[in-house]
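Participant: Let me give you the structure first, and then I'll get to my questions.
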Amino acid sequence: MLVGHIAVGLAAKRITPRVSLGTTVLAAVLPDLLWCVFLLAGIEHVELRPGRGAAHYFGASDMAFSHSLLMDAAWGALLAAAYFFARRYARGAWTLFAAVMSHWLLDFVAHRPDMVLAPGFGWRFGLGLWNSVAATVVVEGGIWLLAIIVYAVYARVTRPNGAMGVYAFWIGIAFLTLAWYGNIAGPPPSSQRAMAISSLVFFSCVVAWAYWMNRVRPSCYNSV
């Protein structure tokens, strides 16, 4: 998933308004950021095949250090612990841990059977939602739409600080939606390295945008 993970970050902000949106989004996409770094370092690998849409061109041959259930729990615990020691806010720390763990669950739903429980564990899991663009649009798109409504409209978690808090937010949402559709229906990247670099830039920009949104759409609590 793509916007499905970012949706978790938006929802986590609703659950813990004191936590910065940038931090909740960082937690939700942390395994993907690590995956980009591990790809560039040669620790993890993917297979790229002809076809349109990630379900057809993407083969996750080795990503257990960034995307296995055990390692996601470890990364989530490290992030939650770092946040707790810095902010002394237990509810925020537990929310961040849950956001990281949600990554494996959502990818389990989206991917073909290529999700593992731990490095070196042979069995692979996945329901293959990505195999159907229509089903992905309905399921992941529904999650995305619900998260946007909860964050920006229904729950009134934040209040825009001037025009920038309105337009920059909705432009970002539109861009993320287009990037998501390109991911599920677009052509493959030219190489594994190109995919790793472009994905690292993309996810880093998403996190930076989320931190910026936290400034121009402040909540009724002090974000930390």
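Quick note on numbering: the working numbering labels position 41 of the sequence shown as 44, and the sequence is numbered without any gaps. Backbone N, C-alpha and C fix where the C-beta goes; we use that ideal spot for every residue, glycine too.
1. Secondary structure at Gly62, three-state DSSP: helix, strand or coil?
2. Does the beta-carbon of Arg220 have 16 or more other beta-carbons within 10 angstroms, so that it is buried, or is it exposed?
3. Below 6 Å CB to CB, which residues in the same chain sit around Trp147 once its five sequence neighbours on both sides are set aside?
4. Could you pull the DSSP bridge partners for Phe128 from this structure?
5. Looking at Gly125 and His114, is the spacing between their C-beta atoms short of 8 Å?
6. Apply the 10 Å Cβ neighbour rule to Glu143 and answer buried if 16 or more other Cβ atoms are within range, or exposed otherwise.
7. Quick one: grab the DSSP three-state call for Glu50.
8. Please determine if the region 26-46 and the region 200-211 are in contact, where contact requires at least 3 C-beta pairs separated by less than 8 Å.
9. Return helix, strand or coil for Gly189, following the three-state DSSP convention.
10. Taking the alpha carbon of Leu108 as the point to measure from, which residue in Met4, Tyr170, Met198 and Trp215 has its own alpha carbon closest?
11. To the nearest angstrom, report how far apart Gly25 and Trp215 are at their CA atoms.
12. Measure the C-alpha to C-alpha separation of Phe172 and Val49 and round it to an integer number of angstroms.
13. If Ala85 and Met74 are in contact, beta carbons under 8 Å, what's the gap, nearest whole angstrom?
14. Counting only the same chain and skipping the five closest in sequence on each side, list residues whose C-beta sits under 8 Å from that of Gly175.
15. Only counting the same chain, and skipping five residues up and downstream in sequence, which positions put a Cβ closer than 8 Å to that of Ser194?
Facilitator: Reading off the structure:
1. In the sequence shown, the residue the question calls residue 62 occupies position 59. In the structure shown, Gly62 sits in a strand (DSSP, three-state: E or B).
2. Within the sequence shown, numbered from 1, the residue matching residue 220 stands at position 217. It is buried - the Cβ of Arg220 has at least 16 other Cβ atoms within 10 Å.
3. As a position in the sequence shown, residue 147 is number 144, starting the count at 1. Cβ neighbours of Trp147 beyond the five flanking positions: Val6 and Ala10.
4. If you number the sequence shown from 1, residue 128 lands on position 125. According to DSSP, Phe128 bridges with Met118.
5. Residue numbering aside, residue 114 sits at position 111 when the sequence shown is read from its first letter. Residue numbering aside, residue 125 sits at position 122 when the sequence shown is read from its first letter. For His114 and Gly125, no; Cβs fall outside 8 Å.
6. Mapped onto the sequence shown, residue 143 falls at position 140. Looking at its Cβ environment, which holds 16 or more other Cβ atoms inside 10 Å, Glu143 is buried.
7. Counted from its first residue, the sequence shown places residue 50 at position 47. Note: Glu50 maps to strand in three-state DSSP.
8. yes
9. Counting from one through the sequence shown, the residue named residue 189 turns up at place 186. In the structure shown, Gly189 sits in coil (DSSP, three-state: anything other than H, G, I, E or B).
10. Numbered from 1 along the sequence shown, position 105 holds the residue referred to as residue 108. Selected option, being the one with the closest Cα: Met4.
11. Stepping through the sequence shown from its first residue, residue 25 is reached at position 22. Stepping through the sequence shown from its first residue, residue 215 is reached at position 212. Taking the straight line from one Cα to the other gives about 8 Å.
12. Stepping through the sequence shown from its first residue, residue 172 is reached at position 169. Stepping through the sequence shown from its first residue, residue 49 is reached at position 46. If I take the Cα positions, the gap works out to 33 Å.
13. Counting from 1 along the sequence shown, the entry for residue 85 is found at position 82. Counting from 1 along the sequence shown, the entry for residue 74 is found at position 71. About 16 Å; that fails the 8 Å criterion.
14. The sequence position of residue 175 within the sequence shown is 172, counting from 1. So the qualifying residues of the chain are Trp212 and Met216.
15. Position 191 of the sequence shown, counting from 1, holds the residue named residue 194. Correct list, in chain order: Leu51.
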